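Data first, discussion second: the structure below is written as structure tokens.
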Amino acid sequence: MKNIYGKANNYKTKADRLTILTSYRKNLLKLLKEGYSPFEKK
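Position one of the sequence shown corresponds to residue 223 (the numbering used here), numbered consecutively onward.
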């Protein structure tokens, strides 16, 4: 499984990292609610 943090660690401040991670979280939750499974092979 790939790293879900993307480029968040490239940001200098904690606030910047939290902003991008919050965005990732919202998008990930949306995908999971729509039925996406990261463990199924395509």
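Think of the CB as a built atom: it goes at the ideal place given N, C-alpha and C, for glycine as much as any other residue.
Everything numeric in this text was worked out from a predicted model, so none of it was measured.
Cα-Cα separation, residue 226 to residue 256:
18 Å
Whether residue 239 touches residue 233 by CB criterion (7 Å):
yes
Does the beta-carbon distance from residue 203 to residue 230 come in below 7 Å?
Only positions 223 to 264 of the chain appear in this structure, which leaves residue 203 out of reach.
In whole angstroms, what separates the C-alpha of residue 248 from that of residue 241?
11 Å
Taking the alpha helix (DSSP H) that residue 242 belongs to, which residues open and close that run?
236 to 255
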